[in-house]
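Residue numbers (this note's numbering), protein chains in the order written: chain A, 1 to 239; chain B, 1 to 239.
For each residue, glycine too, the CB sits at the ideal point set by N, CA and C.
Notes for the one structure printed next.
Protein chains: 2
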Amino acid sequence: MNDGPHILIVDDHREMRDLVSRALAKEGFRVSTAGDGKAMRKLMADARVDLILLDLMLPGEDGLSLCRSLRADSDIPIIMLTAKGDEVDRVIGLEMGADDYVPKPFGSRELVARIRAVLRRNRARARTAGQDKPKRYRFERWTFDVDKRELLGSDGVAVPLSTGEFDLLLALVEHPQRTLSRDQLLDLARHRAANTFDRSMDTQVSRLRKKVERDPAEPAIIKTVWGGGYIFTPDVSRE
Amino acid sequence: MNDGPHILIVDDHREMRDLVSRALAKEGFRVSTAGDGKAMRKLMADARVDLILLDLMLPGEDGLSLCRSLRADSDIPIIMLTAKGDEVDRVIGLEMGADDYVPKPFGSRELVARIRAVLRRNRARARTAGQDKPKRYRFERWTFDVDKRELLGSDGVAVPLSTGEFDLLLALVEHPQRTLSRDQLLDLARHRAANTFDRSMDTQVSRLRKKVERDPAEPAIIKTVWGGGYIFTPDVSRE
DNA sequence: GCGATTTGGTGACAAAGTGTGTCAGAGCCG
DNA sequence: CGGCTCTGACACACTTTGTCACCAAATCGC
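Here it is as structure tokens:
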């Protein structure tokens with residue numbers, strides 16, 4: 001009857017659940033309620049939930065530890081509700097991985113605004129995260145498996161890469177067809193800045209070329225831009 | 001409510017953010033602010049940003065390294081703000097890829113003027129880049145692959161090009177049948193202006209001819225316009 | 001912990017890329 | 001044809017890059 005975002009309210013006070021539930025339903029949200037952690041898990045097993053309103057004080061398992069355990073295996077946005085207007089709680093809640101924190105008592109308008117804000121933020125994150133870090137890259141005759149930290153040749157044989165070579169290749173593969181200065185590479189691969197006469201990138205590139213290029217003397221994959229840095233030329237397909 | 005360009009202010013001082021923010025909003029810009037690099041990235045994940053005002057001194061990740069890492073995967077124009085009126089900073093900032101540099105304290109009129117200038121420049125660039133650059137050009141018996149930075153003969157053999165030769169050929173191929181002065185070529189290929197007695201283009205052309213022409217003594221592709229510069233004569237097909 | 005191995009940075013030297021100067025020759029104009 | 005300017009080619013200087021050997025630091029295996 002209603003296909004807005006699905007909000008799950010977890011609170012042990014029935015009046016509170018009903019009150020909030022009605023307010024949210026009026027705003028077009030789909031609403032479910034649970035009185036404790038157990039009921040919550042049950043509900044979540046059955047239906048996809050877009051956001052959880054979680055009371056800090058609950059019988060049995062309290063809100064904070066529930067929040068933590070939710071975060072352990074999902075990114076569902078969580079808004080903590082609490083009676084205590086304590087700043088400390090807010091910090092703890094956010095540290096536990098909550099996305100926002102609303103002190104009681106709260107007006108329904110405020111709550112709705114916060115919910116929408118968190119949902120918006122999260123959608124944006126999901127969008128960018130969706131096209132986010134592939135696990136494997138293919139280029140030329142290579143398959144670069146980021147999770148396994150392997151570089152596989154077309155014959156399926158893995159070429160061992162040192163940590164530095166791996167980081168450098170990852171930086172390159174993530175920015176193909178773009179000239180990267182030594183500074184940028186150092187920053188992307190080593191997370192540090194360059195000394196004045198830093199030749200370490202040169203050596204590292206040289207080492208990587210030896211493993212990746214057919215003919216390291218005439219690089220076809222990692223090309224040099226004189227006075228500019230290096231450029232990773234192949235098309236890269238992501239998985 | 002406002003659909004001017006979207007400016008993102010990154011500064012750790014709240015007053016500075018508010019001040020600049022108000023000034024820009026009054027000029028019709030859409031403004032967002034961030035206190036540090038982390039907040040900046042978060043904001044950028046959510047919304048399209050047209051220009052970034054970046055304070056040099058920031059807590060945590062400083063402006064310069066932020067600038068560098070931004071440049072690694074985007075062309076969003078960046079204007080650096082800095083308290084130190086040091087020329088050195090300016091140079092460093094521009095080297096890191098900033099588009100302009102405004103020393104504090106600055107008047108809001110000046111800042112707005114700089115912003116407009118950078119945006120204008122960038123729009124012009126985006127327009128030409130928007131009708132997006134072909135990846136490959138064919139002329140005579142050659143195929144010029146821009147992404148792979150290769151020049152392939154009809155037999156499929158790659159002729160290695162140095163960075164300078166590549167840039168020059170690219171400039172020529174993008175402006176065929178058009179006389180280009182040495183100045184223009186220097187600007188297009190090297191992004192710098194000419195000294196009074198600059199013969200470097202002559203040498204570069206000579207070197208390129210040796211690789212591209214059948215008979216470098218009688219150039220058929222890159223012809224000399226006496227007193228005018230050079231002209232790339234073949235028909236070019238783009239892909 | 002401790003020695004062996006791996007890895008990454010530095011210095012040195014060779015090689016490549018680029019700019020400048022020179023000189024001869026070509027193009028232009030009278 | 002003669003004087004002028006402009007261009008092509010080459011040699012050379014200088015800068016940037018490639019690579020090797022070596023050492024220090026980190027890591028590994030016990």
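(Q) Quick check: Leu188 of chain A and Ala72 of chain B, are their CB atoms within less than 8 Å of each other? (A) Sequence index remark: in the first sequence, residue 188 of chain A carries index 188 (1-based). Sequence index remark: in the second sequence, residue 72 of chain B carries index 72 (1-based). Against a cut-off of 8 Å, the Cβ pair of Ala72 of chain B and Leu188 of chain A comes out as a contact.
task: Pull up the distance between the alpha-carbon of Gln56 of chain A and that of Gly63 of chain A, whole angstroms please.
output: Numbered from its first residue, the first sequence carries residue 56 of chain A at position 56. Numbered from its first residue, the first sequence carries residue 63 of chain A at position 63. The sequence shown places Leu at residue 56 of chain A, rather than the Gln named in the question. Answer to the nearest angstrom: the Cα atoms are 4 Å apart.
Anything in the stretch 159-186 of chain B with a Cβ closer than 8 Å to a Cβ of chain A? List those residues in chain order, please.
Pro160, Ser162, Thr163, Gly164
Check your understanding: In its own chain, which residues sit with a C-beta less than 7 Å from the C-beta of Arg209 of chain A, not counting the 5 before and 5 after it?
Key -> Counted from its first residue, the first sequence places residue 209 of chain A at position 209. Cβ within range, chain order: Pro216, Pro219, Ile222.
**Request:** Keeping to the same chain, check which residues put their C-beta closer than 6 Å to that of Gly35 of chain B; ignore five residues upstream and five downstream.
**Result:** On the second sequence, position 35 is the one that residue 35 of chain B refers to. Excluding residues within five positions, the ones whose Cβ falls inside 6 Å are Asp12.
Checklist line | Same chain, Cβ closer than 7 Å to Arg48 of chain A, five either side skipped, listed in chain order | finding: Along the first sequence, read from residue 1 onward, the residue named residue 48 of chain A stands at position 48. Within its own chain, the residues whose Cβ lies closer than 7 Å to the Cβ of Arg48 of chain A, once the five positions on either side in sequence are excluded, are His6, listed in chain order.
Quiz item: Are any of the Cβ atoms in chain A nearer than 8 Å to that of Ile74 of chain B?
Solution: Along the second sequence, read from residue 1 onward, the residue named residue 74 of chain B stands at position 74. Looking at the sequence itself, residue 74 of chain B is Ser, so the reference to Ile does not match. It does not: the Cβ of Ser74 of chain B has no partner Cβ on chain A nearer than 8 Å.
If you draw a straight line from the alpha carbon of Arg22 of chain B to that of Leu151 of chain A, how long is it in whole angstroms?
For the purposes of this step, residue 22 of chain B is taken as residue 22 along the second sequence, with counting starting at 1. For the purposes of this step, residue 151 of chain A is taken as residue 151 along the first sequence, with counting starting at 1. Whole-angstrom Cα-Cα distance: 52 Å.
Self-check item: Own chain, CB closer than 6 Å to Arg141 of chain A, minus 5 neighbours either side, in chain order
Solution: For the purposes of this step, residue 141 of chain A is taken as residue 141 along the first sequence, with counting starting at 1. So the qualifying residues of the chain are Ser154.
Using DSSP with H/G/I as helix, E/B as strand and the rest coil, what is Gly229 of chain B? Indexing the second sequence from 1 puts residue 229 of chain B at position 229. Note: Gly229 of chain B maps to strand in three-state DSSP.
Round the Cβ separation of Pro176 of chain B and Pro234 of chain B to the nearest angstrom and send it over; I've been treating them as touching at under 8 Å.
Here residue 176 of chain B is taken as the residue at index 176 of the second sequence, counted from 1. Here residue 234 of chain B is taken as the residue at index 234 of the second sequence, counted from 1. Rounded, the Cβ-Cβ distance is 7 Å, consistent with contact.
- Query: In chain B, which residues lie less than 8 Å from Lys133 of chain A when you measure between Cβ atoms?
  - Reply: The residue given as residue 133 of chain A occupies position 133 in the first sequence. Within 8 Å Cβ-Cβ: nothing; Lys133 of chain A doesn't reach chain B, min ~13 Å.
Which partner residues of Leu151 of chain A appear in the DSSP bridge assignment?
Residue 151 of chain A sits at position 151 when you count from the first residue of the first sequence. Residue pairing for Leu151 of chain A: DSSP places it in a beta bridge opposite A:Phe144, A:Val159.
> For the stretch 208-228 of chain A, which residues have a beta carbon sitting closer than 8 Å to at least one beta carbon of chain B?
Replying inline: Glu218, Ala220, Lys223, Thr224, Val225, Trp226, Gly227, Gly228
request  = In angstroms with no decimal places, state the Cα-to-Cα distance between Pro134 of chain B and Glu239 of chain B.
outcome  = Here residue 134 of chain B refers to the residue found at position 134 when the second sequence is read from its first residue. Here residue 239 of chain B refers to the residue found at position 239 when the second sequence is read from its first residue. Approximately 5 Å, taken between the alpha carbons.
Check whether the Cβ of Leu119 of chain A lies closer than 8 Å to any Cβ atom in chain B. The residue you call residue 119 of chain A lines up with position 119 of the first sequence. Closer than 8 Å: no.
TODO: For the beta strand (DSSP E) containing Val247 of chain B, list its first residue and its last residue.
DONE: In the structure displayed, chain B extends from 1 to 239; residue 247 of chain B sits before or after that span and is not available.
Which full runs of the alpha helix (DSSP H) of 4+ residues lie inside the stretch 169-231 of chain A, going along the chain?
-> 182-185, 200-212
- Query: Taking the C-alpha atoms as reference points, what is the distance between Gly156 of chain B and Thr143 of chain B?
  - Reply: Within the second sequence, numbered from 1, the residue matching residue 156 of chain B stands at position 156. Within the second sequence, numbered from 1, the residue matching residue 143 of chain B stands at position 143. Cα to Cα, Gly156 of chain B sits roughly 9 Å from Thr143 of chain B.
Under 8 Å Cβ-Cβ, which residues of chain B neighbour Leu188 of chain A? Against the first sequence, residue 188 of chain A aligns to sequence position 188. In chain order: Ser69, Ala72.
TODO: Measure how close the beta-carbons of Cys67 of chain B and Leu81 of chain B come, nearest whole angstrom, since I'm counting them as under 8 Å.
DONE: Mapped onto the second sequence, residue 67 of chain B falls at position 67. Mapped onto the second sequence, residue 81 of chain B falls at position 81. Between Leu81 of chain B and Cys67 of chain B the Cβ distance is about 11 Å, and since that is not below 8 Å, they are no contact.
Is any heavy atom in the ligand MG found nearer than 7 Å to the beta carbon of Gly164 of chain B? Although the ligand MG was asked about, the structure shown includes no ligands whatsoever.
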